[in-house]
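Just so you know, the protein sequences line up as chains A and B, in that order. The first sequence begins at 5 in my numbering and counts up by one. The second sequence begins at 2 in my numbering and counts up by one. Each residue gets a CB set at the ideal place from its N, CA and C atoms; glycine is no exception. Just so you know, these numbers come straight off a predicted model, no measurement behind them.
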Amino acid sequence: MPQLSINQRGALLSVVILIVGLLFWEAAIPPQQLATEMTEYERLMGGGSPRAAIPPPSDIFAKAWEELSNPFYDAGPNDKGIGIQIGYSIYRVLSGYLLAAAVAIPLGFLIGMSPVAYRALNPYIQVLRPISPLAWMPLALFVIRDSEASAIFVIFICSIWPMLLNTAFGVAGVRKDWVNVARTHELGAVRTAFQVILPAAAPTIVTGMRISIGIAWLVIVAAEMLVGGTGIGYYVWNEWNNLDLTSVIFSILMIGIVGMALDSAFGALQRVVAYAE
Amino acid sequence: MAKPFLSVERLTQTYPDAAGGETTVFENASFGIERGEFVCILGHSGCGKSTIMNILAGLASPTSGVVTMDGAEVSGPSLDRGVVFQNYSLLPWLSALKNVSFGVQARHKDWSKVDVEAHSRKYLAMVGLEGDVVLRKPSQLSGGMRQRVSIARAFANQPKLLLLDEPFGALDALTRGTIQEELLKVWSQTEQTVFMITHDIDEAILLADRILLMTNGPYARVAESVQITIPRPRNRTEIVEHPNYYPIRNHLVQFLGQRSKVLSGQPSGGETQTPETVVIDKTKPAGGPEPEARLRAVND
Numbered sequence: 005m006p007q008l009s010i011n012q013r014g015a016l017l018s019v020v021i022l023i024v025g026l027l028f029w030e031a032a033i034p035p036q037q038l039a040t041e042m043t044e045y046e047r048l049m050g051g052g053s054p055r056a057a058i059p060p061p062s063d064i065f066a067k068a069w070e071e072l073s074n075p076f077y078d079a080g081p082n083d084k085g086i087g088i089q090i091g092y093s094i095y096r097v098l099s100g101y102l103l104a105a106a107v108a109i110p111l112g113f114l115i116g117m118s119p120v121a122y123r124a125l126n127p128y129i130q131v132l133r134p135i136s137p138l139a140w141m142p143l144a145l146f147v148i149r150d151s152e153a154s155a156i157f158v159i160f161i162c163s164i165w166p167m168l169l170n171t172a173f174g175v176a177g178v179r180k181d182w183v184n185v186a187r188t189h190e191l192g193a194v195r196t197a198f199q200v201i202l203p204a205a206a207p208t209i210v211t212g213m214r215i216s217i218g219i220a221w222l223v224i225v226a227a228e229m230l231v232g233g234t235g236i237g238y239y240v241w242n243e244w245n246n247l248d249l250t251s252v253i254f255s256i257l258m259i260g261i262v263g264m265a266l267d268s269a270f271g272a273l274q275r276v277v278a279y280a281e
Numbered sequence: 002m003a004k005p006f007l008s009v010e011r012l013t014q015t016y017p018d019a020a021g022g023e024t025t026v027f028e029n030a031s032f033g034i035e036r037g038e039f040v041c042i043l044g045h046s047g048c049g050k051s052t053i054m055n056i057l058a059g060l061a062s063p064t065s066g067v068v069t070m071d072g073a074e075v076s077g078p079s080l081d082r083g084v085v086f087q088n089y090s091l092l093p094w095l096s097a098l099k100n101v102s103f104g105v106q107a108r109h110k111d112w113s114k115v116d117v118e119a120h121s122r123k124y125l126a127m128v129g130l131e132g133d134v135v136l137r138k139p140s141q142l143s144g145g146m147r148q149r150v151s152i153a154r155a156f157a158n159q160p161k162l163l164l165l166d167e168p169f170g171a172l173d174a175l176t177r178g179t180i181q182e183e184l185l186k187v188w189s190q191t192e193q194t195v196f197m198i199t200h201d202i203d204e205a206i207l208l209a210d211r212i213l214l215m216t217n218g219p220y221a222r223v224a225e226s227v228q229i230t231i232p233r234p235r236n237r238t239e240i241v242e243h244p245n246y247y248p249i250r251n252h253l254v255q256f257l258g259q260r261s262k263v264l265s266g267q268p269s270g271g272e273t274q275t276p277e278t279v280v281i282d283k284t285k286p287a288g289g290p291e292p293e294a295r296l297r298a299v300n301d
């Protein structure tokens, strides 16, 4: 047998773990007792109606097939396709996230360039940063008076901190030599910022953006459970209220997959801006 | 007397020290460099060579004193003074070519992209970098190639004064030799005025028209200006055959080994400190007339 590469062996082992795990799961689910096999007493006590239970993987695959083959249907407020729900969530995440980037990156530049601005703003950042984003929700709902905008605000507030701190850190850490190169070439402040400091700090900034998008995706699920209406978080909660555990597990998987896609998009961006010294 | 092209007048640099007092790195240092001259400055670490370099580049300001170049006072970094830093200072996210054209673009804002690239490639070719090599990032180049790019960047801007801060300090001896010769070749094609810091005596003799010798700090001073009386073009294998080579070299070694210590730590007492010109020439008959009254022939 030819020697497999580490990647191939890893992938193979991954698949084996998946299959073994799924088989155990499938086997561990007790079958529903048929009503005809019950005693009359059991049937009188309601044993004949199906009991809620963790569904086996086969049910989840069937559900996934059904949902993914028609992801964009819209049959009223409580029955929308998974694609529509995820679309709403991504829309909210990206709106809040882009607003946060528009504030955090310029402000981070300022903090990184100016020790005075750093000292002035640092206490606020340190106090505001550890606040759970959902703690802002009541205040946001009261002030903004719109659940949609409040959810976006919560994403904004949770994704601003890693980007702000990483930008400031990256900008402050730009090698003095590179700044001197800009100075000896008489580059103005704006050109120095865009041609030297931004590319030099870009890997650190993008790392902050990657952390932020991860947090934003974690928070949107919780935020949508609170504000309701649409979105993947609302969908999970709604299916829980319906006691449809198959859909709950399916949507949990979808949350993971979308999160992974967002993260790898930023991973790709990180590789683009990376440089070796 | 007319001012030299680059004139350093009564330059003083002091730093606050840990004890709350002041450390004087150098005081009232004065010297000049003529247009087209290649001047090296030799001295031990900590004598303030790099401080002088940063002041000439406009990256630092002296505690007192004035530097004028071509009649204008140096008061900040300028494209007229190109700098080659010891650690190359290439921008690592740009290719070698882009690192050079970055500087050319800054110098010639009205040039088209094609002109900028052609000009950059021309100077890269002068230091022996041609073809696909120039498209590599600095991390994919060897130390010697990186320093070549850095030299090409500085020359491509055709500054009035080129400042080299120990450009070959981080290179191995063989690479250093090759690049020194390339530097000489480029320099002879451009008539560039060069001021260079080095630790390497042989390098200084090979490259310079004149060597400024600095004593140790504190109160360092530019004590001597040694003329290199070896005709150009020079190359590293033939230069050692010249009768003036070893006398000059011995003089430098002796200065750095002993007199730089003996002469250190003497406050100037407010005097302007100009270097004493030293001419060592074994090709002239001993005891012959001295070239100029100010000059002292050392025939040891």
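The bridge partners DSSP lists for B/Gln14 are B/Phe27. Where A/Thr196 is concerned, the enclosing alpha helix (DSSP H) starts and stops at Ala193 to Thr196. Pairing B/His200 with B/Ser65 gives a Cβ-Cβ distance that is not under 9 Å. Within chain A, no C-beta atom comes less than 9 Å from the C-beta of B/Pro63; the nearest is roughly 17 Å away.
Residue environment: B/Pro168 is assigned as buried (16 or more neighbouring CB atoms within 10 Å of its CB, all protein chains considered). Under a criterion of Cβ atoms nearer than 9 Å, no residue of chain B is adjacent to A/Glu243; the nearest Cβ is some 47 Å distant. Counting the other CB atoms within 10 Å of its CB gives A/Pro119 a total below 16, which places it among the exposed residues. In this structure, B/Thr52 lies near B/Val26, with their beta-carbon atoms less than 9 Å apart. Taking B/Ile240 as the centre and dropping the five residues before and after it, the same chain places the C-beta of Ile206, Leu207, Ile231 and Tyr246 closer than 8 Å to its C-beta, in chain order.
Counted as a single uninterrupted DSSP element, the alpha helix (DSSP H) harbouring B/Asp116 occupies residues Lys114 to Met127.
By the C-beta density criterion, B/Pro78 is buried, having at least 16 other C-beta atoms within 10 angstroms.
Within the same chain, Pro61 come within 8 Å of A/Leu26 by CB-CB distance, once the 5 residues on both sides are set aside. Taking a beta-carbon distance threshold of 9 Å, B/Ser140 counts as an interface residue toward chain A. Around the beta carbon of A/Thr171, 16 or more other beta carbons sit within 10 angstroms, so the residue counts as buried. In this chain, A/Glu152 is not harboured by any beta strand (DSSP E); it is covered by the alpha helix (DSSP H) spanning Ser151 to Ala176.
The count of Cβ pairs closer than 8 Å, one atom from the region 102-113 of chain A and one from the region 156-169 of chain A, reaches three, so the stretches are in contact. Note that the C-beta distance between A/Ala206 and A/Ile164 is not below 9 Å.
Taking 9 Å as the threshold, the shortest C-beta distance from A/Leu273 to chain B does not fall below it. Around A/Ile64, the same chain offers Thr250, Ile253 and Phe254 as residues with beta carbons nearer than 6 Å, after the five sequence neighbours per side are excluded.
Judged by their CB atoms, A/Leu230 and A/Met141 are nearer to each other than the 9 Å cut-off. Looking at the backbone, the Cα of B/Pro219 and that of A/Leu132 are separated by about 50 Å.
The beta carbon of B/Arg147 sits closer than 7 Å to the beta carbons of Tyr89, Leu91 and Pro139 from its chain, once the five residues preceding and following it are set aside; these are given in chain order. Against chain B, a Cβ distance below 7 Å from A/Asp150 picks out nothing, because the smallest value is about 43 Å. Using a Cβ-Cβ distance cut-off of 8 Å, the region 268-278 of chain A and the region 29-36 of chain B are not in contact, since fewer than three pairs of beta carbons, one from each stretch, lie closer than that value.
Counting only Cβ-Cβ distances below 7 Å, B/Val84 has contacts in chain A at Thr188, in chain order. The DSSP-derived three-state label of A/Asp248 is coil. For A/Trp182, at least one C-beta of chain B is nearer than 9 Å to its own C-beta. In this structure, the beta-carbon distance from B/Ala221 to B/Cys41 does not fall below 9 Å.
Distance from the Cα of B/Ile56 is smallest, within the candidate group B/Gly72, B/Gly44, B/Ala3 and B/Val84, for B/Val84.
For B/Gly145 against B/Ile180, the beta-carbon gap comes to about 6 Å, under 8 Å, which counts as contact. Ala58, Gly59 and Leu60: these are the residues of the region 46-72 of chain B whose beta carbon lies less than 8 Å from some beta carbon of chain A, given in chain order. About 6 Å separates the CB atoms of B/Leu98 and B/Ser121; that is less than 8 Å, so the two are in contact. The continuous beta strand (DSSP E) containing B/Thr194 extends over residues Thr194 to Thr199. The region 144-214 of chain B contains, as complete alpha helix (DSSP H) runs of 4+ residues, the segments 144-157, 174-191 and 202-208 (chain order). Counting only unbroken stretches of 4 or more residues, the alpha helix (DSSP H) elements lying wholly within the region 50-91 of chain A are 61-73, in sequence order. Distance from the CA of B/Glu182 to the CA of B/Ala3, rounded to the nearest whole angstrom, comes to 33 Å.
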